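Protein chains in written order, with this note's numbering: chain A, 1 to 78; chain B, 79 to 501.
Here it is as structure tokens:
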């Protein structure tokens, strides 16, 4: 990745991490603290989805690189 | 694995950051005051001003800064009724829909569940003061019930405190017009006690109680003393010259006011028992002793293991009785007797009142309420505890016990021993 792309990647990654955490906090407070599952569960689902996106963003470039080079991803990549 | 650690670390940091920010913002949230809020309206129409007030005031309960116990999703005005045109009093009924339907919302917002699912009904009576140009300020806010009471004198209770004067005693205390007095001649002359009213009478829930239970104060010509509370904790205010001069002595630093206090004076010492801790609704007591009325020592020993007492009284230096507020395994009264300031103690067994037991089939007298020294004899007034129901002529019966040697007690008679109050 070029420098600009790397910076952009980091910014997006951190934003996604913050959004994921935000959704998790709302979900936990609503569901566990206030007992409002109807509102809390959608927030938790958002947190799970954003968490998946975060990990995809984190490991995606490296996995793509490996695939482009025809190598199998190894455990060390993780 | 290193990368996985990094990714989890960043996510944890983000979680801590967002949780910290969100929780601190929620903690800092203060519900906006209704009193003082400004309503922009048109003309002098109070009903329109009420509608506008809802539309302008409630948006403050929206947004991420508002905790879910208060946060609103939407609202609508139900009715606006002008209660007093001249005074600018209106009643606004409005429906609110919380962002989260949680248990705390109704209490926090002061609203009641409405027939429409998910909606709550809130009612406010507002006093509006207009400037004649369509701008109103809310000068007072109350619930409809409060307004009804405030506007109808027949619903207002006399909230003046009850005065207590033990009419059966020459030397006693009296509260009058927010001040404490003592008398040594059956009320003919009243001697003011220089103690703030709140220090003496305020309770833990902010109310005032002017009744001082037996054993919690001493009024005798030789020694008069009360236990009071100020910001620094419990203190003794006392006089040794019939109230001509008073002195104070700090006993124990605590911000909780003991529900029961036991005060006794012996020739060489003064003893105060009060709550020093409270948990799960129970008070835990400690006994303090002072020989110079300046420094107080917390007594420790076998006699203080119970920690919760119905009555404590020291009748001579180092000699005292401690009655826990519980009974033994047989449901009988427990009374500890100590001759060494509580370091060791013996348990005194009170004889059963045979006639009463024959009549009822059980001994109703299970909790010592008062311990006193009368003409060299120790007298105990033993009540029935919280569950007692043995009464005559509308009064709960108590047992009077007496001892000449201080250890062996005899049942004397049934008594009522209710304070005779006047005023």
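Beta carbons are placed, not taken as given, at the ideal position from N, Cα and C, and that holds for glycine. Remember, predicted model here, so these are calculated numbers, not experimental data.
Whose Cβ in chain C lies nearer than 7 Å to the Cβ of residue 180 of chain B?
Going by chain labels, chain C is absent from the structure shown, which instead holds the protein chains A and B.
Residues of chain A with a CB under 7 Å from the CB of residue 140 of chain B: which are they?
Contact annotation for residue 140 of chain B against chain A: no contact, minimum CB-CB distance about 15 Å [criterion: below 7 Å].
Residue 39 of chain A touches chain B at which residues, Cβ-Cβ below 9 Å?
146, 177, 178, 179, 180
For residue 43 of chain A, which residues in the same chain have their Cβ closer than 7 Å to its Cβ, ignoring the five residues on either side in sequence?
23, 26, 27, 30
Check whether the region 216 to 226 of chain B and the region 105 to 125 of chain B touch, using three or more Cβ-Cβ pairs below 8 Å as the test.
yes
Would you identify the three-state DSSP class for residue 267 of chain B, choosing helix, strand or coil?
Annotated three-state conformation of residue 267 of chain B is coil, per DSSP.
The alpha helix (DSSP H) that contains residue 222 of chain B, what's its start and end?
222 to 229
Verify the CB distance criterion: does residue 377 of chain B have a CB-CB separation below 8 Å to chain A?
no
Cβ of residue 89 of chain B within 8 Å of any chain A Cβ
yes
Rounded to whole angstroms, what is the Cα-Cα separation between residue 475 of chain B and residue 436 of chain B?
15 Å
Counting only beta-carbon separations shorter than 8 Å, does residue 56 of chain A have a partner in chain B?
no
Under the DSSP definition of a beta bridge, which residues are partnered with residue 341 of chain B?
B:350
The region 132 to 139 of chain B in contact with the region 54 to 72 of chain A per 3-pair CB rule at 8 Å
no
With a cut-off of 8 Å, does the C-beta of residue 79 of chain A fall near any C-beta of chain B?
Within the shown structure, residues of chain A are numbered from 1 to 78, placing residue 79 of chain A beyond reach of any answer.
Please report the straight-line C-alpha distance between residue 415 of chain B and residue 224 of chain B, rounded to a whole angstrom.
53 Å
Would you call residue 419 of chain B buried or exposed, if buried means 16 or more other Cβ atoms sit within 10 Å of its Cβ?
buried
Using 8 Å for Cβ pairs, my map puts residue 371 of chain B next to residue 327 of chain B. What's the rounded Cβ distance?
5 Å
Would you mind working out which of A:9, A:10, A:17 sits nearest residue 46 of chain A, comparing C-alpha positions?
For residue 46 of chain A, the closest alpha carbon among the candidates A:9, A:10, A:17 is that of A:17.
In the DSSP assignment, the alpha helix (DSSP H) including residue 4 of chain A goes from what residue to what residue?
3 to 28
DSSP three-state assignment for residue 261 of chain B, whether helix, strand or coil:
strand
Tell me whether residue 455 of chain B sits in a helix, a strand or coil according to DSSP, three-state version.
strand
In chain order, what are the residue ranges of uninterrupted alpha helix (DSSP H) at least 4 long that sit wholly in the region 82 to 163 of chain B?
124 to 135
Which of the three DSSP states, helix, strand or coil, is assigned to residue 392 of chain B?
Strand at residue 392 of chain B.
Any chance you could list the beta strand (DSSP E) runs of at least 3 consecutive residues sitting entirely within the region 366 to 413 of chain B, in chain order?
Counting whole runs of 3 or more residues, the region 366 to 413 of chain B contains the beta strand (DSSP E) stretches 387 to 394, 397 to 402.
Mind pulling the chain B residues with CB within less than 9 Å of residue 52 of chain A?
Correct list: empty, because the minimum Cβ distance to chain B is about 12 Å.
Keeping to the same chain, check which residues put their C-beta closer than 7 Å to that of residue 298 of chain B; ignore five residues upstream and five downstream.
Excluding five sequence positions before and after residue 298 of chain B, the CB atoms of its chain that fall closer than 7 Å to its own CB belong to 249, given in chain order.
Chain-order list of residues whose beta-carbon lies under 6 Å from that of residue 424 of chain B (same chain, five-residue window excluded)
415
Can you check the region 269 to 323 of chain B for any beta strand (DSSP E) of at least 3 residues that lies completely inside it and give the ranges in chain order?
269 to 271, 295 to 297, 302 to 308, 311 to 317
What residue does the beta strand (DSSP E) around residue 505 of chain B start on, and which one ends it?
Nothing can be reported for residue 505 of chain B: it is not among the residues displayed for chain B, which extend from 79 to 501.
Can you find the residues in the same chain that come closer than 6 Å, C-beta to C-beta, to residue 240 of chain B, ignoring five residues on each side of it along the sequence?
Summary for residue 240 of chain B: the model assigns pLDDT 46, below 50, so the residue's position carries little reliability; its value from the coordinates is reported in the next sentence. If we look at residue 240 of chain B and ignore the five residues flanking it on each side, it has no Cβ neighbours.
For residue 108 of chain B, tell me which candidate among B:99, B:90, B:323, B:148 has the shortest Cα-Cα distance.
B:148
Consider the Cβ of residue 336 of chain B: report whether some Cβ of chain A lies at a distance smaller than 8 Å.
no
Under 7 Å Cβ to Cβ from residue 196 of chain B, same chain only, skipping five residues before and after it: list those, please.
175, 179
Do you know whose CA, among B:410, B:402, B:383, B:456, lies nearest residue 421 of chain B's CA?
B:383
Using the beta-carbon count (16 or more within 10 Å), is residue 544 of chain B buried or exposed?
For chain B, the structure presents residues 79 to 501; residue 544 of chain B sits outside this window and is missing.
With 8 Å as the threshold, decide whether the Cβ of residue 48 of chain A is near any Cβ in chain B.
no
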